[in-house]
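Each residue of the sequence shown is one higher than the one before, counting from 49 in our numbering. So the structure is just underneath, and the comments pick up after that.
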Amino acid sequence: MSDLLDRVREKHLILMHRTLLLITNIVEATPAEAMTRYTDGEGGWAVVEVLGHLLDANEYFTGRARRILTEDNPHLEVFQHEQMVIANGYRQQVPEAVLARLNDSRQKTLAFFEDLTQEQWERAGVHPEYGDWTMTDALMQIGHHEVNHLEQITRILSQATT
């Protein structure tokens, strides 16, 4: 089972790297104005806010994983993502600057997970929605979360071409 889990973890580390490359390519090919003008509906997020949310999520989810390493079976808090995007004022920020911070944060997250020992991978906490939450769950959440928001980003930007 350990070999299978090792492969799953390796594939998710690659996924985390590649999704960020896709996001970077999209941002670099998109005028900044489009990333602040279009949203995913009335009261919805602009692309720059999605980038900020991904930054917040990356740091929050990695913080949860760090707690799992340092505490015995910690009870993890709910991620208040809507409030964080508003509090951080991402709509008024430069998309490339938010992306740069996301890239920096992601490199630290990748290094964190890549350095875990087998014993550390086996640690767990309690997720507020899902119950038992392993380090592998924490890793997988980041990659899958980003794929969902890649769809959101492309859907928002499709308005710029219509």
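We put the CB at the ideal spot given by N, CA and C, even for glycine.
Quiz item: Closest by CA to L212, which one among A172, V56 and T184?
Solution: For residue 212 there is no data in the structure shown, the boundaries of the chain being 49 and 210.
Practice problem: Tell me whether P176 is buried or exposed, calling it buried when 16 or more other Cβ atoms sit within 10 Å of its Cβ. | Solution: Exposed, because fewer than 16 other Cβ atoms sit within 10 Å of the Cβ of P176.
Self-check item: Bridge-paired residues (DSSP) for D152
Solution: Answer is none; D152 lacks a bridge partner.
Quiz item: Smallest Cα separation from E90: which of I204, A145 and T209?
Solution: Residue I204 is the option with its Cα nearest to E90.
Exercise. Apply the 10 Å Cβ neighbour rule to P79 and answer buried if 16 or more other Cβ atoms are within range, or exposed otherwise.
Key: exposed
Exercise. Taking 7 Å as the cut-off, decide whether the C-beta atoms of I201 and F109 are in contact.
Key: Not closer than 7 Å, so no.
Self-check item: A77 - DSSP class collapsed to helix/strand/coil
Solution: Coil, per DSSP.
Quiz item: If we count the other Cβ atoms within 10 Å of its Cβ and call it buried at 16 or more, is N196 buried or exposed?
Solution: exposed
Quiz item: Do you know how far the Cα of D51 is from the Cα of E194?
Solution: Rounded to the nearest angstrom, the two C-alpha atoms are 25 Å apart.
Exercise. List the endpoints of the continuous beta strand (DSSP E) containing G137.
Key: Premise fails: G137 is in no beta strand (DSSP E) and is neither H nor E.
Quiz item: Which residue's Cα is closest to the Cα of G179: Q131, E125, Y138 and L198?
Solution: E125
Quiz item: Which word fits N121, buried or exposed, when buried means at least 16 other C-beta atoms lie within 10 angstroms of its C-beta?
Solution: exposed
Quiz item: Can you round the beta-carbon distance between G100 and V56 to whole angstroms, since I take them to be within the 8 Å contact cut?
Solution: 29 Å between Cβ atoms; not a contact.
Quiz item: To the nearest angstrom, how far is it from the Cα of Y33 to the Cα of Q168?
Solution: Residue 33 cannot be examined here, being either before or after the span of the chain that is shown, 49 to 210.
Quiz prompt | Distance CB(A94)-CB(R139) smaller than 7 Å | solution = yes
Practice problem: Could you check how far apart the C-beta atoms of R112 and A186 are, in whole angstroms? I think they sit under 8 Å. | Solution: 6 Å
Exercise. Measure the Cβ-Cβ separation of L147 and L102 and say whether it is below 7 Å.
Key: no
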